[in-house]
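A.B. asks:
Residue numbers (my numbering): 1 to 404.
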């Protein structure tokens, strides 16, 4: 079964260098009571179709549509933008394996959330006041199935089997401010210290192990860099070092914020493989060499097509070989994603108010000559004030004597 939930919010504006892409269009006219806006809007709620391999979003417009429908942050990707015009309906289809469509496993209720943010822009070149951004979310619920069959057992022997069904863990990827105990952040400055954290939650204790591997980062326009290989080993020590595993279901590593040239958005995607933990043994971990500098691999191959399989109750096979570098169980692997916006702060550029609390203040240093001048100035002001007080007090005393 599939259901959809839609939430609308005003479209966020951002400056863009290319004239052909939507940019902020603000006009301030002094002395004019009203401004002309695009005579169009969305009629009613968007129509969402949660398909088996894609999500389709359609908008009914009041007038003929002359703009664009695209995935937020991916306007330059033709696969993630629809430019059809001249009709009263505008829409876009988003396959699960493109356009940074996020998939998140849910434990209660059991299933998978598929999420994306779609922008509808009514002007062919600019973002304007009437444009809207919608967060589209489809939920694919797990169907519980019971299979029964007749079984004849010989009279001379009766064997009883009992199987316990354990739900799969739910995993997430976060980037935290400053360290393992920091708050999750989505906006950071170039060079800021952050902590990449992967964690999985389970209803059982001391049952599963997790391995993080196959991590990539891209700018949303096809420029993708691999930072962890398929064995879970780091490729570039300047970008991300080999991961540490402080617990069975937790991994992480400190790093500095970086960004693409002329691009601020970073889309991270990793894979987390779940393994059965052998009793009274430690969880297997990747056996990695020390990463070199500038070893990250740039990928131009399109993302492989992956079918959306609802979460199912499966009995995991135990992992025999602890050498993770060759025997990761890809059958029980899930994708985890995170988005981060990295900005550069120039000396004459004001820091956004939302980040003021996360960046420490810089002390102001002055030379000894400047300090002496400042102190002398304050003493001169103080002496002037005292002299004025004495003059006024004497003038008041002379006035009283004259009246007497």
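The C-beta atom is built at its ideal place from N, Cα and C for all residues, glycine as well. Only a predicted model underlies this, so the values are computations on that prediction, with no experimental measurement involved.
Do the stretch 163–183 and the stretch 87–101 meet, that is, are 3 or more Cβ pairs less than 8 Å apart?
C.D. replies: no
A.B. asks: Helix, strand or coil for residue 74 per DSSP?
C.D. replies: Sequence index remark: in the chain shown, residue 74 carries index 74 (1-based). Residue state, collapsed to three classes: coil.
A.B. asks: Find out if the Cβ-Cβ distance for the pair residue 190, residue 90 is shorter than 8 Å.
C.D. replies: The count along the chain shown starts at 1 and reaches residue 190 at position 190. The count along the chain shown starts at 1 and reaches residue 90 at position 90. Not in contact: residue 190 and residue 90 (Cβ atoms no closer than 8 Å).
A.B. asks: Rank 247, 268 and 113 by C-alpha distance to the C-alpha of residue 136 and give the top, closest one.
C.D. replies: Taking the chain shown and counting its residues from 1, one reaches residue 136 at position 136. When each option's Cα is compared against that of residue 136, the closest is 113.
A.B. asks: Just tell me which of 120, 111 and 266 has its CA closest to the CA of residue 60.
C.D. replies: Within the chain shown, numbered from 1, the residue matching residue 60 stands at position 60. Of the candidates 120, 111 and 266, the one whose C-alpha sits nearest the C-alpha of residue 60 is 120.
A.B. asks: Check whether the stretch 170–179 and the stretch 192–200 touch, using three or more Cβ-Cβ pairs below 8 Å as the test.
C.D. replies: yes
A.B. asks: If I measure Cβ to Cβ from residue 83 and keep anything under 6 Å in the same chain, skipping five residues before and after, which residues do I get?
C.D. replies: As a working note, residue 83 is residue 83 in the chain shown. So the qualifying residues of the chain are 68.
A.B. asks: Please state the DSSP three-state secondary structure of residue 69.
C.D. replies: Here residue 69 refers to the residue found at position 69 of the chain shown. Correct three-state label for residue 69: strand.
A.B. asks: From this set, 184, 265, 380 and 54, which residue's C-alpha is nearest residue 95's C-alpha?
C.D. replies: As a first step, residue 95 must be located in the chain shown, where it is residue number 95. Checked all of 184, 265, 380 and 54; the closest Cα to residue 95 is 54.
A.B. asks: Please state whether DSSP places residue 450 in a helix, a strand or coil.
C.D. replies: In the structure as shown, the chain begins at 1 and stops at 404. Residue 450 is therefore absent and cannot be evaluated.
A.B. asks: Does the Cβ-Cβ distance between residue 249 and residue 210 come in under 8 Å?
C.D. replies: In the chain shown, the residue the question calls residue 249 occupies position 249. In the chain shown, the residue the question calls residue 210 occupies position 210. Yes, Cβ-Cβ distance for residue 249 and residue 210 is below 8 Å.
A.B. asks: Check this for me: beta carbons of residue 291 and residue 235, under 8 Å apart or not?
C.D. replies: Here residue 291 is taken as the residue at index 291 of the chain shown, counted from 1. Here residue 235 is taken as the residue at index 235 of the chain shown, counted from 1. Cβ distance < 8 Å, so residue 291 and residue 235 count as in contact.
A.B. asks: Compare the beta carbon distance of residue 41 and residue 118 with 8 Å and say whether it is the shorter of the two.
C.D. replies: By 1-based counting over the chain shown, the position of residue 41 is 41. By 1-based counting over the chain shown, the position of residue 118 is 118. It is not a contact, given that the beta carbons lie outside the stated cut-off.
A.B. asks: Identify, in the order they occur along the chain, each residue of the same chain with its Cβ nearer than 6 Å to the Cβ of residue 49, setting aside the five sequence neighbours on each side.
C.D. replies: For this step, residue 49 is matched to residue 49 along the chain shown. These residues qualify, in order along the chain: 56.
A.B. asks: Check whether the stretch 282–290 touches the stretch 225–233, taking contact to mean three or more Cβ pairs, one atom from each stretch, closer than 8 Å.
C.D. replies: yes
A.B. asks: So, using beta-carbon positions, are residue 273 and residue 333 closer together than 8 Å?
C.D. replies: On the chain shown, position 273 is the one that residue 273 refers to. On the chain shown, position 333 is the one that residue 333 refers to. A contact, by the Cβ cut-off of 8 Å.
A.B. asks: Under DSSP, the beta strand (DSSP E) around residue 217 begins and ends at which residues?
C.D. replies: Residue numbering aside, residue 217 sits at position 217 when the chain shown is read from its first letter. Annotation for residue 217: the continuous beta strand (DSSP E) segment containing it runs 208–218.
A.B. asks: Consult DSSP for residue 381 and reduce its assignment to one of helix, strand or coil.
C.D. replies: Looking up residue 381 in the chain shown gives position 381. If DSSP states are grouped into helix, strand and coil, residue 381 belongs with the helices.
A.B. asks: Threshold first: 3 residues or longer. Then list the beta strand (DSSP E) segments lying entirely within the stretch 57–138, N to C.
C.D. replies: 68–71, 89–95, 102–106 and 111–121
A.B. asks: Run through the DSSP bridge pairs and tell me what residue 171 is partnered with.
C.D. replies: Taking the first residue of the chain shown as 1, we reach residue 171 at position 171. BP columns for residue 171 point to 200.
A.B. asks: Let me confirm a value: residue 105 is counted as buried when at least 16 other C-beta atoms fall within 10 Å, else exposed. Which label applies?
C.D. replies: Stepping through the chain shown from its first residue, residue 105 is reached at position 105. When all chains shown are included, residue 105 counts as buried.
A.B. asks: May I have the straight-line CA-CA distance separating residue 278 from residue 201, to the nearest angstrom?
C.D. replies: Counted from its first residue, the chain shown places residue 278 at position 278. Counted from its first residue, the chain shown places residue 201 at position 201. So the two alpha carbons sit approximately 18 Å from each other.
A.B. asks: State the start and end residues of the unbroken beta strand (DSSP E) segment that holds residue 250.
C.D. replies: Position 250 of the chain shown holds residue 250. Residue range 250–256 is occupied by the beta strand (DSSP E) that includes residue 250.
A.B. asks: Among 295, 393, 220 and 374, whose alpha-carbon lies nearest the alpha-carbon of residue 240?
C.D. replies: The residue you call residue 240 lines up with position 240 of the chain shown. The candidate whose alpha carbon is nearest that of residue 240 is 295.
A.B. asks: By how many angstroms is the C-alpha of residue 276 removed from the C-alpha of residue 169?
C.D. replies: Looking up residue 169 in the chain shown gives position 169. Looking up residue 276 in the chain shown gives position 276. Roughly 11 Å separates the two Cα atoms.
A.B. asks: Considering only the beta carbon of each residue, do residue 220 and residue 267 sit closer than 8 Å?
C.D. replies: As a position in the chain shown, residue 220 is number 220, starting the count at 1. As a position in the chain shown, residue 267 is number 267, starting the count at 1. Yes; because the gap between Cβ atoms is below 8 Å, this pair is in contact.
A.B. asks: Leaving aside the five residues before and after residue 81 along the sequence, list all residues of the same chain whose C-beta is less than 8 Å from its C-beta, in chain order.
C.D. replies: For the purposes of this step, residue 81 is taken as the residue at position 81 of the chain shown. The answer, listed in chain order, is 68, 69, 70, 71, 74, 75 and 92.
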